[in-house]
Amino acid sequence: MKADAVNVNGTGTKTFGQRLRRFGQRLRRDWNMNKWKYIMIIPVLIYLALFCYKPMYGLIIAFKDYKITRGIAGSSWADPWYKWFLNFITDPYFPRVIKNTFLISGLTILFGFPTPIILALLINEVRNKAFKRTVQTITYMPYFISTVVMCGIIKVFCMQDGLFAQIATALGGVAENYLANPKYFRTVYVVSDIWQKIGWDSIIYLAALSAIDQEQYEAARVDGANRFQQMLHITLPGLMPTIMILFILRMGNILNVGYEKILLLYNATTYEVADVISTYTYRLSFPTSGGSPMYSKSTAIGLFNTLVNVVFLMITNEISKKATESSLF
């Protein structure tokens with residue numbers, strides 16, 4: 214009798230060899246039935262391998278004294294291995310960039326996350342279809358303006374003789390360059406971010422609203438519920454799974470404050486309140502003062518950033534799972 218015919222303990226259950234052959238048979242049968250689907254997915258797998266997984270090899274730069282002339286393999290290992298992580302944590306700029314990153318990201322979540330939900334609820338209550346389409350089009354439009362153009366518009370509006378200064382003067386205030394004043398930078402950033410994304414972000418909530426069973430509203434109207442009560446007891450609970458999934462994803466990117474917009478808006482007078490992890494990393498990789506690029510340190514900072522985001526993702530997911538029974542995994 215062959216060795217893999219029976220289990221070692223004599224129970225008669227299938228051995229690893231038999232299970233492997235059965236798996237191979239199922240795989241061949243599935244390939245014969247769905248081979249064109251597998252062929253169609255090959256380009257996607259190639260893309261993921263080349264542009265998503267292969268670049269991960271570069272993460273070892275964070276543990277090396279990387280020299281661009283030697284390449285990754287030729288560069289020596291850092292001693293100790295956590296040298297660049299320690300260098301970042303002990304950096305005099307560390308408290309500033311961490312504080313600014315959390316503050317700007319936190320303010321964006323606090324004010325920017327609920328606004329698309331509110332807009333979607335308001336649009337959902339509008340019965341005039343022409344007015345509804347007009348509002349949706351107007352709120353979507355800023356999202357399709359490039360970041361460079363958007364920042365140019367914001368700079369013009371915030372100039373000492375710009376739109377905001379004229380409005381402030383008309384209301385009895387003082388005209389000033391708001392982007393040159395540190396106390397206004399975060400407000401300008403968060404408000405402009407809401408303005409640019411509120412319409413686009415509301416699309417997924419409108420789609421979720423369309424999936425709510427309309428018979429629930431009819432039953433509520435029969436019971437005497439007004440529109441506000443229907444929204445409170447039917448619409449919001451129906452949206453809650455979508456809200457929680459998007460909130461978990463947003464918390465998983467809490468340290469990913471986009472450097473493009475901040476780089477285009479900040480200046481030397483606002484570094485203290487505007488410099489975040491991404492802009493600091495950018496300056497390390499592309500120094501403007503004539504220094505040499507610190508690729509190892511910037512890679513270590515990026516890895517640190519990712520690990521913190523994963524921690525926030527896991528914590529938020531667990532809290533959501535226990536509180537609302539909605540989670541990513």
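Residues 214 to 542 in my numbering are what the sequence shown lists, from first letter to last.
Note that CB positions come from ideal geometry on N, CA and C, so glycine has one too.
Restricting attention to alpha helix (DSSP H) runs no shorter than 4 residues, the segment 336-417 encloses them at 342-353, 360-371 and 376-383, ordered along the chain.
Beta-bridge annotation (DSSP): K267 is not paired with any residue. Straight-line spacing of the CA atoms in N300 and A388 works out to 43 angstroms.
Per the DSSP secondary-structure output, W290 pairs in a beta bridge with K277. L520 places its beta carbon 8 angstroms or farther from that of L272. Cα atoms of G365 and S359: separation of roughly 10 angstroms, rounded to the nearest angstrom. The residues I281, L497, S498, F499 and P500, in chain order, have a CB closer than 8 angstroms to that of P506 in the same chain once the five nearest residues on each side in sequence are set aside. Under the criterion of beta carbons closer than 8 angstroms, Y306 and Y493 qualify as touching, at roughly 6 angstroms. The beta carbon of M354 sits closer than 8 angstroms to those of G412, all from its chain and outside the five residues before and after it, given in chain order. The Cβ neighbour count for D374, taken over all protein chains shown within 10 Å, is under 16; the residue is labelled exposed. The Cβ atoms of Y418 and I351 do not sit closer than 8 angstroms to each other. Per DSSP, the continuous alpha helix (DSSP H) segment holding R496 begins and ends at I490 to S498.
Rounded to the nearest whole angstrom, the CA to CA distance from Q379 to K368 is 14 angstroms. Residue state for N522 is assigned as helix, using DSSP reduced to three classes.
Nearest in C-alpha terms to T314, of all of T529, I475, V524 and A536, is I475. Closest in C-alpha terms to I317, from the list E531, W244 and N469, comes N469. Counting along the chain, D243 sits inside the alpha helix (DSSP H) bounded by residues F229 to L261.
Annotation for T537: M453, P454 and M457 place their beta carbon closer than 8 angstroms to its own, counting only its chain and skipping 5 residues before and after. Apart from sequence neighbours up to five positions away, the residues of its chain that approach S289 with a beta-carbon distance below 6 angstroms are D278, ordered along the chain. The three-state reading of DSSP puts S423 in helix, counting H, G and I together. Relative to the Cα of N337, the nearest Cα in the group F460, E485, M444 and P293 belongs to M444. Here G437 is exposed: its Cβ has fewer than 16 other Cβ atoms, across all protein chains shown, within 10 Å. By the CB criterion at 8 angstroms, F370 and G465 fall outside the cutoff. Proximity of the segment 421-432 to the segment 384-402 falls short of the contact definition, fewer than three beta-carbon pairs being nearer than 8 angstroms. As the crow flies, the alpha-carbon of A383 is around 51 angstroms from that of V435.
Between D406 and T321, the CB-CB gap stays under 8 angstroms. The criterion of a C-beta distance shorter than 8 angstroms is not satisfied by R241 and D488. DSSP, reduced to helix, strand and coil, places A438 outside both helices and strands of the structure shown, so it counts as coil. Y402 sits close to L478, with the two beta carbons spaced by under 8 angstroms.
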